[in-house]
Amino acid sequence: MDDWRKRLATKLLGDKGTPSLALDARTTLEIAFGRARSEVTYVLELGRAHALPLAGSVTGDDVWLRIGESVLRFRLDRQALAIVAFVPGAKDTTFSFDADLRTLVTAQRRPVDFDQFVKDSLETIVQGWDQGMRAPSETLPDIPSTMDPVPSKEG
């Protein structure tokens, strides 16, 4: 817990003191899910500000973003103490807290940088939308023109 969070917790909790610095499964999952929510919110607000065809929700335990036909979703499963990510073009991925490793891990017990996973997932869905929205002339290779230029009316 950084200094700002410690000061804030002390102000909020008063005599109860600063909460334990030992992260447990619930706390770690809540923080990770909150960061996913924050990144999805950023993309939604950016899209809204620029009138892009985005939809989504950042309320509750199911956060999702639709761009074109693709939907990216993060679901916090409180009973299973897990976050499930539904990323277009990839298998669903379940993340849980490993008490021995003191970090989030995949189902195969591989440690993961969840913040980076979220950002990579968002970039994947945006890239897919971007490629699908380009005009055909932008996606075709450059081919030299065989036609002569149109003569000017001058001269």
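Numbers 5 to 159, taken from the working numbering, label the letters of the sequence shown in order. Backbone N, C-alpha and C fix where the C-beta goes; we use that ideal spot for every residue, glycine too.
What does the alpha-carbon distance come out to for the pair residue i and residue j?
i    : j    : result
T32  : T45  : 20 angstroms
S42  : G136 : 26 angstroms
R82  : G51  : 30 angstroms
A139 : Q112 : At A139 the pLDDT is 43, less than 50, meaning the model places this residue with poor confidence; the figure from the coordinates comes in the next sentence. A139 and Q112: Cα-Cα distance of roughly 41 angstroms.
R30  : I129 : 28 angstroms
A13  : T97  : 32 angstroms
Apart from the five residues on each side of it in sequence, which residues of its chain come closer than 8 angstroms, Cβ to Cβ, to residue i?
i   : result
G18 : none
Less than 8 angstroms between the beta carbons of residue i and residue j, yes or no?
i   : j   : result
V67 : S74 : no
A36 : I71 : no
L69 : L48 : yes
Can you tell which of the options has the C-alpha that lies nearest to the C-alpha of residue i?
i    : options                 : result
Q131 : L27, P115, T97 and L76  : L76
A40  : D65, R106, L105 and L12 : D65
In chain order, what residues of the same chain have a beta carbon less than 7 angstroms from the beta carbon of residue i, not counting five sequence neighbours either side?
i    : result
G117 : Correcting the residue identity first, residue 117 is Asp in this sequence and not Gly. Hits under 7 angstroms: none found.
With respect to 7 angstroms, is the separation between the Cβ of residue i and the closest non-hydrogen atom of the ligand GTP below this value?
i    : result
Q135 : For the structure depicted, the ligand GTP is absent and the ligand set is empty, with no information on it obtainable.
Legend entry - Validate contact between the stretch 121-130 and the stretch 86-97 using beta carbons, cut 8 angstroms, 3 pairs: yes
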